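> Residue numbers (this note's numbering): 47 to 565.
Input: one structure, supplied below.
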Amino acid sequence: MNAYRTEGFGTPGLKQRPPLTPGTAKDSRPTAVVIGSGFGGLAAAIRLSVKGYQVKVLEKLDAPGGRAYVHLQDGFTFDAGPTIITAPFLLEELWALCGKRFADDVTLVAMDPFYRVRFSDGTWFDYNGDAEHMRAEVARFEPADLPGYERFLQDAERCKTLGFEGMGDMAFDKITDLLAAIPDFMRMGAWRSLYSLVAKHIRNEKLRIVMSFHPLLIGGNPFAVTCAYALINSLERTWGVHSAMGGTGAIVRGLVGLLQERGVPVRCNAPVTQIRIENGRACGVELDTGEFIAADIVVSNADTAWTYKNLVAPEHRRVWTDRKIENGHYSMGLFVWYFGTSRQYKDVPHHMMVLGPRYKGLLQDIFKRHKLADDFSLYLHRPTATDPSMAPEGCDTFYVLSPVPHLDSGTDWATHAETYRAAIAESLEASVLPGLRESIVTSKVTTPQDFHDRLWSYKGAGFGLEPLLLQSAWFRPHNRSEDVPGLYVVGASTHPGAGVPGVLMSAKALETVVPHVPA
Numbered sequence: 047m048n049a050y051r052t053e054g055f056g057t058p059g060l061k062q063r064p065p066l067t068p069g070t071a072k073d074s075r076p077t078a079v080v081i082g083s084g085f086g087g088l089a090a091a092i093r094l095s096v097k098g099y100q101v102k103v104l105e106k107l108d109a110p111g112g113r114a115y116v117h118l119q120d121g122f123t124f125d126a127g128p129t130i131i132t133a134p135f136l137l138e139e140l141w142a143l144c145g146k147r148f149a150d151d152v153t154l155v156a157m158d159p160f161y162r163v164r165f166s167d168g169t170w171f172d173y174n175g176d177a178e179h180m181r182a183e184v185a186r187f188e189p190a191d192l193p194g195y196e197r198f199l200q201d202a203e204r205c206k207t208l209g210f211e212g213m214g215d216m217a218f219d220k221i222t223d224l225l226a227a228i229p230d231f232m233r234m235g236a237w238r239s240l241y242s243l244v245a246k247h248i249r250n251e252k253l254r255i256v257m258s259f260h261p262l263l264i265g266g267n268p269f270a271v272t273c274a275y276a277l278i279n280s281l282e283r284t285w286g287v288h289s290a291m292g293g294t295g296a297i298v299r300g301l302v303g304l305l306q307e308r309g310v311p312v313r314c315n316a317p318v319t320q321i322r323i324e325n326g327r328a329c330g331v332e333l334d335t336g337e338f339i340a341a342d343i344v345v346s347n348a349d350t351a352w353t354y355k356n357l358v359a360p361e362h363r364r365v366w367t368d369r370k371i372e373n374g375h376y377s378m379g380l381f382v383w384y385f386g387t388s389r390q391y392k393d394v395p396h397h398m399m400v401l402g403p404r405y406k407g408l409l410q411d412i413f414k415r416h417k418l419a420d421d422f423s424l425y426l427h428r429p430t431a432t433d434p435s436m437a438p439e440g441c442d443t444f445y446v447l448s449p450v451p452h453l454d455s456g457t458d459w460a461t462h463a464e465t466y467r468a469a470i471a472e473s474l475e476a477s478v479l480p481g482l483r484e485s486i487v488t489s490k491v492t493t494p495q496d497f498h499d500r501l502w503s504y505k506g507a508g509f510g511l512e513p514l515l516l517q518s519a520w521f522r523p524h525n526r527s528e529d530v531p532g533l534y535v536v537g538a539s540t541h542p543g544a545g546v547p548g549v550l551m552s553a554k555a556l557e558t559v560v561p562h563v564p565a
């Protein structure tokens, strides 16, 4: 069951308000259909509504959220996807646009530590935003790396200023946008990988891992993605790492509530199977039932590769051809095991990285060889460390995420999922969750095959195209479609990229390229 399963609005605790009645004066506004109700789609719907569009949101699943869906099972609440909130001002902006206060609807709690990074030998690094604490942690591993660590922080700050603040909400709609940004890419040294930037300043291998793992949170290999993503380190230090009370689903419910108050319907169980194009431009969408919904513009929050390959007929795709889509380098897949325990593990923080014995070799297996390895590194999420309401009294809610190859690995997840889950359980029990297997009272698994079949994610990739330099900014699918007038895209697989800040900023970029609505 889901916390807000619905055919229409359906968010519990909020007064439902019907959409505008056809034929009223306000219905003369241009119509925008938004495909998908992930963070990017909901943010886009709010911004388009405020700009003067009549907006309709269509969601394939039985409840809003997309990758931020919520699973309710046996009294436990599981956030399906994003759990880390940085740059909360991007959410506050959406509430302010609607004349509301974010804090009135959602309570964010600052994390300390942001993450515990635990190495396979049992040592760990508690990573947070306190400068003195971080220097002490660095010195605990290698005092000689302190000067290099400070230089790395300066580089990360430069990347945040130039990359996030300077380019994050720029649509990169024209080649001139790229040309104008080249000097800033040069100042960031964006041709260098993030790991090589870290290694330039820091010699200790464990510290190199701690300072370079962040791109994995948005689908990138630290040994391949541009070092511009050092900006994540600076984002976290500037605005902190937060979690929402009630889980990330509380933010989704809040966003849907804003739309309800604006008369914007979020229609669930409504899979879009085609973007109809007439006279050379998008004119609406067709559902799996054959129903046609007309629109002046169409905004897809669905996976961009899936959108072009499966929703737009080939004759309308001069840029995003099947061949170009197939030849892209895609982010890793995600194996996620959700489980609840009959006991609590109070020494486990909210966010923990439980690393295996290999770093570069494992990432090569995942990203380059597309091989499912026998070992793994894990992200362990324990939201009940902050919010006990996510589990029955005396219990803990967890999810553990293992980066794995996308579906090009050929893994038959239908037969392999339980074996892989059992191996993870054994590893966690031997390291950070003693007595785990005998305390499990509920369990659910999601694989890359589920991402493909349920979320319609191309190759089952968790984050769309990998954020390589030549798959970022102007080289990433544009917010205004290069192929189809009237079609726009937001979300993880367009510019600026994955992660909650990225998808929220994609909606800001969208605002700069959609047609103006006369007052």
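We treat Cβ as the ideally placed atom computed from N, Cα and C, and that holds for glycine.
As the structure is a computational prediction, the values presented were derived from the model and not from experiment.
Considering only the beta carbon of each residue, do L88 and P110 sit closer than 8 Å?
Reading the sequence shown from its first residue, position 42 is the one you call residue 88. Reading the sequence shown from its first residue, position 64 is the one you call residue 110. Pairing L88 with P110 gives a Cβ-Cβ distance under 8 Å.
> With a cut-off of 8 Å, do at least 3 Cβ pairs link the segment 466-481 to the segment 537-545?
no
> Just how far apart, CA to CA, sit C441 and H416?
Looking up residue 441 in the sequence shown gives position 395. Looking up residue 416 in the sequence shown gives position 370. Straight-line Cα distance between these residues: approximately 37 Å.
> Can you give the Cα-Cα distance for A49 and H117, rounded to whole angstroms?
Looking up residue 49 in the sequence shown gives position 3. Looking up residue 117 in the sequence shown gives position 71. Only weak support exists for where A49 lies, its pLDDT of 39 falling under 50; the value from the coordinates is given anyway. Answer to the nearest angstrom: the Cα atoms are 7 Å apart.
> Please classify G69 as buried or exposed, where buried requires at least 16 neighbouring CB atoms within 10 angstroms.
Translated into positions along the sequence shown, residue 69 becomes position 23. Because G69 sits at a pLDDT of 41, beneath the cut-off of 50, its placement in the model cannot be relied upon, and the following sentence gives the value as read from the coordinates. Exposed, by the Cβ-count rule.
> List the whole-angstrom C-beta distance separating W366 from Y354, where the pair is believed to meet the contact cut-off of C-beta under 8 Å.
For the purposes of this step, residue 366 is taken as residue 320 along the sequence shown, with counting starting at 1. For the purposes of this step, residue 354 is taken as residue 308 along the sequence shown, with counting starting at 1. Right, their Cβ atoms sit about 4 Å apart.
> According to the Cβ coordinates, are D191 and R238 closer than 8 Å?
On the sequence shown, residue 191 is found 145 positions in, with the first residue counted as 1. On the sequence shown, residue 238 is found 192 positions in, with the first residue counted as 1. Result no, Cβ atoms of D191 and R238 do not sit closer than 8 Å.
> Output the distance between the C-alpha atoms of L408 and L380, rounded to the nearest integer angstrom.
Within the sequence shown, the letter at position 362 stands for residue 408. Within the sequence shown, the letter at position 334 stands for residue 380. Going by the C-alpha atoms only, they are around 14 Å apart.
> Ends of the beta strand (DSSP E) at M257?
Here residue 257 refers to the residue found at position 211 when the sequence shown is read from its first residue. Note, M257: premise wrong, no beta strand (DSSP E); alpha helix (DSSP H) at E251 to S258.
> Could you give the distance in angstroms between the alpha-carbon of T558 and the alpha-carbon of D349?
For the purposes of this step, residue 558 is identified with residue 512 of the sequence shown, where counting begins at 1. For the purposes of this step, residue 349 is identified with residue 303 of the sequence shown, where counting begins at 1. For T558 and D349, the distance between alpha carbons rounds to 21 Å.
> Taking DSSP as the reference, what is the three-state secondary structure of M180?
Here the question's residue 180 lines up with position 134 in the sequence shown. If DSSP states are grouped into helix, strand and coil, M180 belongs with the helices.
> Identify every residue that forms a DSSP beta bridge with T123.
For the purposes of this step, residue 123 is taken as residue 77 along the sequence shown, with counting starting at 1. For T123, which the question treats as bridged, DSSP gives the partners L118.
> Cα-Cα, which of G82, D176 and V394 is closest to R283?
As a working note, residue 283 is residue 237 in the sequence shown. If we check each option's Cα against that of R283, D176 comes out closest.
> Quick check on the DSSP output: what are the complete alpha helix (DSSP H) runs of length 4 or more inside the segment 411-453, in order along the chain?
none
> Who are the near neighbours of H427 in its chain, counting only those whose CB is closer than 6 Å to its CB and skipping five residues on each side?
Working through the sequence shown from its first residue, we reach residue 427 at position 381. Once the five neighbours on either side are set aside, the close Cβ partners of H427 are T129 and Y445.
> Using only the alpha-carbon positions, how far apart do V563 and D73 sit?
Here residue 563 refers to the residue found at position 517 when the sequence shown is read from its first residue. Here residue 73 refers to the residue found at position 27 when the sequence shown is read from its first residue. One C-alpha to the other measures close to 13 Å.
> Quick one: measure Cβ to Cβ for V103 and P311, integer angstroms, because I've assumed they're closer than 8 Å.
Counting from one through the sequence shown, the residue named residue 103 turns up at place 57. Counting from one through the sequence shown, the residue named residue 311 turns up at place 265. Their Cβ separation, rounded to whole angstroms, is 7 Å, which keeps V103 and P311 in contact under 8 Å.
> Which class does M399 belong to by DSSP, given the choice of helix, strand or coil?
As a first step, residue 399 must be located in the sequence shown, where it is residue number 353. Reduced to three states, the DSSP call for M399 is strand.
> Using the beta-carbon count (16 or more within 10 Å), is R254 buried or exposed?
Your numbering for residue 254 matches position 208 in the sequence shown. By the neighbour-count rule (16 or more Cβ atoms within 10 Å), R254 is buried.
> Run through DSSP, which three-state label would S485 get?
If you number the sequence shown from 1, residue 485 lands on position 439. In the structure shown, S485 sits in a helix (DSSP, three-state: H, G or I).
> Shortest alpha-carbon distance to S527 belongs to which of N347, F122, E105 and P451?
By 1-based counting over the sequence shown, the position of residue 527 is 481. Answer by Cα proximity: N347.
> Would you list the residues sitting across from G545 in a DSSP beta bridge?
Numbered from 1 along the sequence shown, position 499 holds the residue referred to as residue 545. Partner(s): none; G545 has no beta bridge.
> I'd like to know whether the C-beta atoms of V400 and V79 end up nearer to each other than 8 Å.
Stepping through the sequence shown from its first residue, residue 400 is reached at position 354. Stepping through the sequence shown from its first residue, residue 79 is reached at position 33. No, the Cβ-Cβ distance between V400 and V79 is not below 8 Å.
> Report the CB separation of P494 from L447 in whole angstroms; it is logged as a contact under 8 Å.
Numbered from its first residue, the sequence shown carries residue 494 at position 448. Numbered from its first residue, the sequence shown carries residue 447 at position 401. About 12 Å separates the two Cβ atoms, so there is no contact after all.
> Return the Cβ separation of V256 and V382 in integer angstroms, given the expectation that the two are a contact with Cβ distance under 8 Å.
Within the sequence shown, numbered from 1, the residue matching residue 256 stands at position 210. Within the sequence shown, numbered from 1, the residue matching residue 382 stands at position 336. Going by Cβ atoms, the distance from V256 to V382 rounds to 23 Å, so no, they are not a contact pair.
> Over what stretch of residues does the alpha helix (DSSP H) that includes T284 continue unbroken?
In the sequence shown, residue 284 corresponds to position 238, counting from 1. In the DSSP assignment, T284 falls within the unbroken alpha helix (DSSP H) covering L277 to W285.
> Excluding sequence positions up to five away, which residues of its chain have a Cβ less than 6 Å from the Cβ of E203?
In the sequence shown, counting from the first residue as 1, residue 203 sits at position 157. The answer, listed in chain order, is S280.
> Less than 8 Å between the beta carbons of G532 and P513, yes or no?
Residue numbering aside, residue 532 sits at position 486 when the sequence shown is read from its first letter. Residue numbering aside, residue 513 sits at position 467 when the sequence shown is read from its first letter. Not in contact: G532 and P513 (Cβ atoms no closer than 8 Å).
> May I ask you to report which of helix, strand or coil DSSP gives F509?
Along the sequence shown, one-based indexing puts residue 509 at 463. F509 falls in the coil class under three-state DSSP.
> What residues in its chain sit with their C-beta under 8 Å from that of A71, if we drop five residues either side in the sequence?
For the purposes of this step, residue 71 is identified with residue 25 of the sequence shown, where counting begins at 1. Reliability of the predicted coordinates at A71 is poor, the pLDDT of 49 falling under 50, and the value obtained from them is presented with this limitation in mind. For A71, where only same-chain residues beyond five positions count, there are no Cβ hits under 8 Å.
> What alpha helix (DSSP H) runs, 4 residues minimum, are completely inside the segment 135-198?
135-143, 148-151 and 177-187
> Let's test the definition: count the other Cβ atoms within 10 Å of the Cβ of L516 and tell me whether it reaches 16, buried, or not, exposed.
Residue numbering aside, residue 516 sits at position 470 when the sequence shown is read from its first letter. With fewer than 16 Cβ atoms within 10 Å of its Cβ, L516 is classed as exposed.
> On the DSSP bridge list, what partners appear for I248?
For this step, residue 248 is matched to residue 202 along the sequence shown. Answer is none; I248 lacks a bridge partner.
> Let's test the definition: count the other Cβ atoms within 10 Å of the Cβ of Q200 and tell me whether it reaches 16, buried, or not, exposed.
In the sequence shown, counting from the first residue as 1, residue 200 sits at position 154. It counts as exposed.
> Does the distance from the C-beta atom of I297 to that of L550 stay below 8 Å?
In the sequence shown, residue 297 corresponds to position 251, counting from 1. In the sequence shown, residue 550 corresponds to position 504, counting from 1. No, the pair does not count as a contact, with Cβ atoms beyond the cut-off.
> Can you give the Cα-Cα distance for G309 and D342, rounded to whole angstroms?
The sequence position of residue 309 within the sequence shown is 263, counting from 1. The sequence position of residue 342 within the sequence shown is 296, counting from 1. Cα to Cα, the separation comes out at about 18 Å.
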